[in-house]
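What follows is a short report on a single structure.
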Amino acid sequence: MTVEHFLTYLQHEKRYSSHTIQSYQTDLLQFTDFMQQTFELPLTEVKYVHIRNFIVALMEDEISENSVGRKLSALRSFYKYLLRENVLSSNPMALVKAPKVPKRLPVFVDEGKLDLLLDSEEFFDGSFPSLRDKTVIETLFGTGIRLAELLSLKETDINFYESTIRVMGKRSKERIVPIGKTLREQFRVYMELKTLQNFDNKTTMLFVTDKGAAAYPKLIYRTVQRYLTYVSTQDKKSPHVLRHSYATSLLNRGADLNAIKELLGHASLAATQVYTHNSVERLKTIYKQAHPKA
Numbered sequence: 001m002t003v004e005h006f007l008t009y010l011q012h013e014k015r016y017s018s019h020t021i022q023s024y025q026t027d028l029l030q031f032t033d034f035m036q037q038t039f040e041l042p043l044t045e046v047k048y049v050h051i052r053n054f055i056v057a058l059m060e061d062e063i064s065e066n067s068v069g070r071k072l073s074a075l076r077s078f079y080k081y082l083l084r085e086n087v088l089s090s091n092p093m094a095l096v097k098a099p100k101v102p103k104r105l106p107v108f109v110d111e112g113k114l115d116l117l118l119d120s121e122e123f124f125d126g127s128f129p130s131l132r133d134k135t136v137i138e139t140l141f142g143t144g145i146r147l148a149e150l151l152s153l154k155e156t157d158i159n160f161y162e163s164t165i166r167v168m169g170k171r172s173k174e175r176i177v178p179i180g181k182t183l184r185e186q187f188r189v190y191m192e193l194k195t196l197q198n199f200d201n202k203t204t205m206l207f208v209t210d211k212g213a214a215a216y217p218k219l220i221y222r223t224v225q226r227y228l229t230y231v232s233t234q235d236k237k238s239p240h241v242l243r244h245s246y247a248t249s250l251l252n253r254g255a256d257l258n259a260i261k262e263l264l265g266h267a268s269l270a271a272t273q274v275y276t277h278n279s280v281e282r283l284k285t286i287y288k289q290a291h292p293k294a
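Here it is as structure tokens:
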């Protein structure tokens with residue numbers, strides 16, 4: 001039973017995204033190489049002690065706790081699969097614990113700064129690439145969707161009459177996300193200009209490159225980083241920061257946590273509750289600034 005069989009299982013039965021499968025493949029190949037070079041062991045003969053050695057090696061290489069945890073998650077899924085297929089009778093991951101990850105609050109950009117960016121004519125010149133970039137920022141902040149979800153959007157996923165978009169989330173789970181009037185009109189203007197470009201490349205994808213091909217992750221990352229630099233000095237500037245900004249703005253304005261969970265496409269409420277910490281910190285700041293006894 002090979003890693004390839006496992007990845008095929010994740011793709012066709014678990015319906016994992018291509019990004020997740022790529023990450024699992026990278027982590028499992030790294031683990032395979034380590035076991036072969038250090039112990040000359042196939043993955044089916046690995047024991048708890050060997051995995052502990054792998055963790056120690058990662059920590060010595062100063063790999064972050066988050067990255068180590070992700071690699072162990074891939075191994076945990078892999079060995080659970082081998083048990084399911086009766087390749088193994090015991091799980092070498094059973095006693096393995098991931099290193100404790102320090103709690104970090106989600107990084108977000110203040111909505112006032114984002115409004116300043118999106119309302120200013122200084123940063124967008126009206127060209128097709130500029131209009132696409134603005135629409136990307138508006139979409140990420142206006143819907144809270146993930147990068148992969150943004151890239152999978154088609155023009156037909158936008159319902160102008162209902163003011164909604166259809167989003168294909170993790171594990172091919174579909175959800176409907178409402179959009180505001182500003183974003184709806186932004187889509188309309190962008191799509192009209194996109195049609196006028198007469199691209200040779202015909203794609204059904206909503207977001208495209210300057211030459212009309214389907215947009216790709218690095219293009220969106222560069223776009224977000226470039227424009228957030230104009231209004232934010234924080235180190236982290238990514239599409240996911242705009243997702244955090246969306247959720248934090250909703251919570252600060254009184255949105256129900258369960259509603260935010262549905263809008264974000266979270267599988268459990270625990271993933272959404274992390275945003276409450278940002279709101280508590282904001283309330284503490286307001287209290288310290290405004291209350292005479294603070």
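Residue numbers (UniProt numbering): 1 to 294.
Note that CB positions come from ideal geometry on N, CA and C, so glycine has one too.
Fill in: Residue range of the unbroken beta strand (DSSP E) whose run includes R171
For R171, there is no enclosing beta strand (DSSP E), since its DSSP letter is neither H nor E.
Worksheet item: Taking just the CA atoms, how far does S127 sit from L196?
Response: Rounded to the nearest whole angstrom, the CA to CA distance from L196 to S127 is 12 Å.
Worksheet item: Does the separation of the CB atoms of K134 and L118 fall below 8 Å?
Response: Closer than 8 Å, so yes.
Item to complete: Look at G144 and R243 and say whether their C-beta atoms are less than 8 Å apart.
Response: Yes, these two residues count as a Cβ contact at 8 Å.
Fill in: Option nearest N258 by Cα separation, candidates S249, D210, L269 and L250
L269 is the residue among S249, D210, L269 and L250 whose C-alpha sits nearest the C-alpha of N258.
Item to complete: Apply the 10 Å Cβ neighbour rule to V56 and answer buried if 16 or more other Cβ atoms are within range, or exposed otherwise.
Response: V56 is exposed by the Cβ-count criterion.
Discussion item. Quick test of the definition: if touching needs 3 or more C-beta pairs under 8 Å, does the segment 199-206 touch the segment 142-156?
Written reply: In short, these stretches touch, since the Cβ pair count reaches three.
Item to complete: Return the CA-CA distance between K194 and D33, expressed in angstroms with no decimal places.
Response: In a straight line, the C-alpha of K194 is about 47 Å away from that of D33.
Discussion item. Pop quiz: L150 and L140 are said to be a contact at Cβ under 8 Å. What is the actual Cβ separation, rounded to whole angstroms?
Written reply: By a beta-carbon distance limit of 8 Å, L150 contacts L140. Their separation comes to about 6 Å.
Fill in: A98 and L28 closer than 8 Å at C-beta
Their beta carbons are not under 8 Å apart, which means A98 does not touch L28 by this criterion.
Item to complete: Decide yes or no for the touch test of the segment 223-237 against the segment 161-172: beta carbon pairs closer than 8 Å, at least 3 of them.
Response: Taking 8 Å as the limit for Cβ pairs, the verdict is that the segment 161-172 does not touch the segment 223-237.
Worksheet entry | Boundaries (first-last residue) of the alpha helix (DSSP H) holding G142 | Note, G142: alpha helix (DSSP H), F128 to T143.
Item to complete: Could I get the ranges of all uninterrupted alpha helix (DSSP H) runs contained in the segment 178-256, with 4 residues as the minimum, in chain order?
Response: Segments of the alpha helix (DSSP H) lying fully in the segment 178-256: 181-196, 217-229 and 239-252.
Item to complete: Output the distance between the C-alpha atoms of P106 and V49, rounded to the nearest integer angstrom.
Response: Approximately 35 Å between the Cα atoms of the pair.
Item to complete: Determine the DSSP secondary structure at N159, reduced to helix, strand or coil.
Response: N159 carries a strand assignment under DSSP once its states are collapsed to helix, strand and coil.
Discussion item. If you follow the alpha helix (DSSP H) that T2 is in, where does it begin and where does it stop?
Written reply: Neither: T2 is in no alpha helix (DSSP H) and is coded neither H nor E.
Item to complete: Mark V17 as exposed unless 16 or more other C-beta atoms lie within 10 angstroms of its C-beta, in which case mark it buried.
Response: The residue asked about is misnamed: residue 17 is Ser in this sequence, not Val. So S17 ends up on the buried side.
Discussion item. Could you tell me the alpha carbon to alpha carbon distance between K14 and H5, rounded to whole angstroms?
Written reply: Taking the straight line from one Cα to the other gives about 13 Å.
Practice prompt. Drop a sphere of 10 angstroms on the beta-carbon of R226, count the other beta-carbons inside from all chains shown, and report buried for 16 or more, exposed for fewer.
Written response: Exposed, by the Cβ-count rule.
Practice prompt. Return the Cβ separation of P217 and L147 in integer angstroms, given the expectation that the two are a contact with Cβ distance under 8 Å.
Written response: L147 and P217 do touch by the CB rule: their CB atoms are close to 6 Å apart, below 8 Å.
Worksheet item: Among F39, A94, F108 and Q30, which one has its Cα closest to the Cα of S249?
Response: Closest by alpha carbon: F108.
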